[in-house]
Structure formats: C-alpha cells, structure tokens
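Going by our numbering, the first residue of the sequence shown is number 1348, and it counts up by one from there.
Ideal Cβ placement from N, Cα and C applies to all residues, glycine included.
Keep in mind that this is a model prediction, so the values were computed, not measured.
Beneath this line is the structure, given in structure tokens, with notes to follow.
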Amino acid sequence: MLEEIIDDVQQQMEKAIEVLRRDLAGLRTGRATASLLDGIRIDYYGTSTPLNQLASVSVPEPRMLTVKPYEQSLIAEIEKVIRSEPSLGLNPSNDGTLIRL
C-alpha cells in the first residue's frame, strides 16, 4: 500500500519536472536557441510530425534561427505554422530554400 502511494507520487513529481523543463526551454533570453521550435508540429502527409524531423534548425547568429526543410515542398507549410503560433511571436521570412526567423 505504501509502495503504491510512493510510486504514484514519484510519477507525478517526474511529470511536473518534465513540464518545468519544457517551460524553461521555451523561455526567451534574448538569444536564439533551436529548442524554441521544439513544440512545432507540421502536417506531413496526414501525420503531425515534429519540425526537427522535417528540417534542419540552426542558429547562425545570436538573434537568428534558420530552418532548412529536407523537402522544399514543405517550406510554405512550415512558414505558415511558425507564423500562426501565437506563443512564439515570430515573423518568418522565406527565400525559397531557407526560412529565417
């Protein structure tokens, strides 16, 4: 009985810590980080797929992110999803092969 309670409390604590980690990763510090886009999911052939599986996300400058899709046909969809994410407040610019944020 006591072990069940301890296991239940431990699982709840682990979930709370995971939520805190995700929240802290999304904090804006004035410096761009690739993890800022971790929560972005793109509809890829009917499947909701994480952005980092469909594109390369890099930080070429301290205040800029670049997203280079592995498939060029996805560039418009990725730009639309990033633009429509209110919690990010980012304005992507698309040059045809690369998205700059």
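- R1447 is not a Cβ neighbour of L1398, given a cutoff of 9 Å.
- Secondary-structure assignment with DSSP links A1381 through no beta bridge to anything.
- For the pair T1380 and V1406, the CB atoms are nearer than the 9 Å cut-off.
- The closest CA to that of P1416, considering only D1390, A1402, L1349 and E1361, is found on A1402.
- Measuring C-alpha to C-alpha distances from R1430 to each of G1393, L1367, L1384 and I1352 identifies L1384 as the nearest.
- Ranked by Cα distance from G1436, the first of L1421, Q1359, E1426 and T1396 is E1426.
- Within the model, the alpha-carbon separation for Q1419 versus D1355 is close to 46 Å.
- As computed with DSSP, I1389 is found in a beta bridge with T1396.
- Excluding residues up to 5 positions away in sequence, R1388 lie with their Cβ nearer than 6 Å to the Cβ of S1395 in the same chain.
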